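Right, one structure below, let's go through it.
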Amino acid sequence: MFNVDQLFDHLPQDVPAPPPFTVGDITLENPGRFMTAHEVKQASRNQTICDLGLIETELDLERASNAINHIMHLYPFLSYGVKFDQEKKWMRYVPQPVQTYNLRLDEQKLTSFEDIGNHIACASLVLNSQKLSHWSLHQVQIPQVPKVKLALSIKIYHSLIDGASVMTILKKFNELYSSASISSTPKPLQLTNYRSVMSCDPSCAPNNNPLSRRAMNFSKMTGQFKEENQFGSKLKFLDQIGLNCNYYKEEDICRVKGVQYSFSLYAVYITQLVGYMFFNKDIKENEEFTGMAVDLRRNVDFLKRGRYPELDLDVILGQAAAPIPLIAKANSKTTTQEIALQFQKQFEAYKLTDEAAFQQIAQNEIGPAVFKLNLDGSLLCSNVGKMDLGEGPLQQMIGFSSAYHVWDRPICYPANAFHRGQYGIFVLEWDFKLFDKEHQKINNEIFLDINKAIIQKGAENVSIQDVIQLYEAKWLK
Numbered sequence: 000m001f002n003v004d005q006l007f008d009h010l011p012q013d014v015p016a017p018p019p020f021t022v023g024d025i026t027l028e029n030p031g032r033f034m035t036a037h038e039v040k041q042a043s044r045n046q047t048i049c050d051l052g053l054i055e056t057e058l059d060l061e062r063a064s065n066a067i068n069h070i071m072h073l074y075p076f077l078s079y080g081v082k083f084d085q086e087k088k089w090m091r092y093v094p095q096p097v098q099t100y101n102l103r104l105d106e107q108k109l110t111s112f113e114d115i116g117n118h119i120a121c122a123s124l125v126l127n128s129q130k131l132s133h134w135s136l137h138q139v140q141i142p143q144v145p146k147v148k149l150a151l152s153i154k155i156y157h158s159l160i161d162g163a164s165v166m167t168i169l170k171k172f173n174e175l176y177s178s179a180s181i182s183s184t185p186k187p188l189q190l191t192n193y194r195s196v197m198s199c200d201p202s203c204a205p206n207n208n209p210l211s212r213r214a215m216n217f218s219k220m221t222g223q224f225k226e227e228n229q230f231g232s233k234l235k236f237l238d239q240i241g242l243n244c245n246y247y248k249e250e251d252i253c254r255v256k257g258v259q260y261s262f263s264l265y266a267v268y269i270t271q272l273v274g275y276m277f278f279n280k281d282i283k284e285n286e287e288f289t290g291m292a293v294d295l296r297r298n299v300d301f302l303k304r305g306r307y308p309e310l311d312l313d314v315i316l317g318q319a320a321a322p323i324p325l326i327a328k329a330n331s332k333t334t335t336q337e338i339a340l341q342f343q344k345q346f347e348a349y350k351l352t353d354e355a356a357f358q359q360i361a362q363n364e365i366g367p368a369v370f371k372l373n374l375d376g377s378l379l380c381s382n383v384g385k386m387d388l389g390e391g392p393l394q395q396m397i398g399f400s401s402a403y404h405v406w407d408r409p410i411c412y413p414a415n416a417f418h419r420g421q422y423g424i425f426v427l428e429w430d431f432k433l434f435d436k437e438h439q440k441i442n443n444e445i446f447l448d449i450n451k452a453i454i455q456k457g458a459e460n461v462s463i464q465d466v467i468q469l470y471e472a473k474w475l476k
């Protein structure tokens, strides 16, 4: 049995174009179909999704197991493996007997947010070429969230589905667990997964010069990685990078007036990121900068109206989110509100209900769009409707996907996944080990200081210059 990263070693790092396929090779009706080029690219980089469903009460383990087994029969491709087809010289899915779960408490107990980050960061270690998804149950004893007793964990190979589809699965778990009876072997809803290749309308971005490869001294905030990638090929170093899980009470996080909640969060993070870059001399004093946040939005309603009217996308799993790049231009005197309003205005410019406005950019990858822009600071975010879980034991989701980093260029962009729910706000982000623990703590304090200042004075009165002063006062020399 090969690990996933070993399985793809014989493919070149820059995944080649797929061979020609005959009609029917890649369809929802073919459980042994060949993978798309995008799926192979994701798979070769060992990209995984891990989500935890937080639970307050003790679970009936037999009922929970029955619910999971029902889901595995609804979506048998969650039990599939992958193999290299020697004739086609390409990867294909391999149907396997549906995995059966007899759920028991895992030995790993989660007692801190650091434990949560470590658990999610290590998701790929339990997946291999013959096991592309995995469930587990863990005890939780974290003082900041005392009501949470258990966490149901689902780990899935990212080439199968995305985070929006994980939400569909966990919502189905809630529904089944709460039902009067659960069928053990229901008729499959879907034999294989679908991938959307939806993207965004680049004309909505402000005028910008093509990427000129100008010298950019990326700060420690964004990562200092050599072009040749000192961690080795195919981004295998992702397994060496941990996750930070930061937790905030709802009242500690500001809301910029006049914009959606997620854009408010993104504006605060961009304010902090660029403030640090000014402080660290990555951007010259008084220089204009270009910052970007990428918002991932569910496109299910759009797809129903447009390209896939025959699919019931409330039950069909696949790539159900589209990346929306939001660009802000500003300088050190720009306020958080001005950044947030730029994000809001740009989002409104995207014609999300018009199929012609969605243009294919490298099969749902945001990387090529990023490269065409002259960016100083960039933030890759996820806030894709994580809380629509219905009624049942799962109260809130926390999750992260290594597929936030899908391009060949060395990683220079922080990725944050925001999870807002009844327990508060969880933010997961890569821990590149570029800050020691003390500086990570200070960085988090400054984030809270920015939010506090906006709550007290308003976002129109908090500028990037204020953030620079916070770093000058607090950062350890």
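When you line the sequence shown up against numbering that gives the first Met the number 0, it's residues 0 to 476, in that order. The beta carbon of each residue, even a glycine, is placed where N, CA and C say it ideally should be. Fair warning: this is a prediction, and the values are worked out from it, not measured in the lab.
- When DSSP states are grouped into helix, strand and coil, Val466 belongs to the helix group.
- Under the 10 Å beta carbon count, Leu102 is surrounded by 16 or more other beta carbons and is classified as buried.
- Leu393 has Ile54 as its beta-bridge partners, per DSSP.
- Counting other Cβ atoms within 10 Å of its Cβ, Gln143 stays below 16 and is therefore classed as exposed.
- Taking C-beta atoms as the reference points, Asn192 and Phe76 count as a pair closer than 9 Å.
- In the DSSP secondary-structure assignment, Asp84 is bridged to Trp89.
- Judged by DSSP in its simplified three-state form, Asn127 adopts strand.
- Between the C-alpha atoms of Glu286 and Ser64 there is a straight-line separation of about 58 Å.
- Here Tyr265 carries a helix assignment [DSSP, helix/strand/coil].
- Within the DSSP secondary-structure output, Trp134 pairs in a beta bridge with Ile153.
- Going by beta carbons, Gly116 and Gly398 fall outside the 9 Å limit.
- Assigned with DSSP and collapsed to three states, Ala63 falls in helix.
- When rounded, the separation of the alpha-carbon atoms in Asn45 and Gly241 is 15 Å.
- Taking C-beta separations shorter than 7 Å and ignoring five residues to either side along the sequence, the partners of Asn442 in its chain run Phe434, following chain order.
- The count of Cβ pairs closer than 8 Å, one atom from the stretch 176-191 and one from the stretch 147-155, stays below three, leaving the stretches out of contact.
- The shortest CA-to-CA distance from Ile119 to any of Leu388, Val426 and Ala329 is the one to Val426.
- Straight-line spacing of the CA atoms in Asn29 and Arg91 works out to 11 Å.
- Rounded to whole angstroms, the separation of the alpha carbons of Ala319 and Asp387 is 14 Å.
- In the structure shown, the three-state DSSP call for Pro324 is strand.
- Pairing Met166 with Tyr176, the inter-Cα distance amounts to about 15 Å.
- When Glu86, Lys283, Leu475 and Leu104 are compared, the shortest CA-CA separation from Ser331 is found for Lys283.
- Short of 7 Å from the beta carbon of Tyr470, and not among the five residues preceding or following it, lie these beta carbons of its own chain, in chain order: Gly274, Tyr275, Phe278 and Ile445.
- In this structure Leu60 is exposed. Its beta-carbon is surrounded by fewer than 16 other beta-carbon atoms within 10 angstroms.
- Excluding the 5 residues flanking it on each side, Leu126 has same chain C-beta neighbours closer than 7 Å at Val3, Thr47, His133, Lys154 and Tyr156, in chain order.
- The beta carbon of Phe172 is closer than 6 Å to those of Ala66 in its chain, skipping five residues each way along the sequence.
- A distance below 8 Å between beta-carbons, with the five flanking residues on each side excluded, links Gln98 to the following residues of its chain, in chain order: Met71, Leu77, Ser78, Lys130 and Ser132.
- Comparing C-alpha distances from Tyr100 to each of Ser111, Gln85, Pro94 and Leu136 shows the shortest one belongs to Leu136.
- DSSP, read as helix, strand or coil, puts Phe172 in helix.
- Val165 carries a helical assignment under DSSP once its states are collapsed to helix, strand and coil.
- Within a 10 Å sphere around the beta-carbon of Lys170 sit 16 or more other beta-carbons, which makes this residue buried.
- In the DSSP assignment, Met276 is bridged to no other residue.
- The three-state reading of DSSP puts Thr289 in strand, counting E and B together.
- Between the alpha carbons of Asn245 and Lys451 lies a distance of about 17 Å.
- It is roughly 5 Å from the alpha-carbon of Thr110 to the alpha-carbon of Gln140.
- With respect to the C-alpha of Phe417, the residue from Lys248, Gly317, Asp105 and Ala458 having the closest C-alpha is Lys248.
- Distance check between Glu86 and each of Asp114, Leu73, Phe33 and Asp105 places Phe33 closest, using alpha-carbon atoms only.
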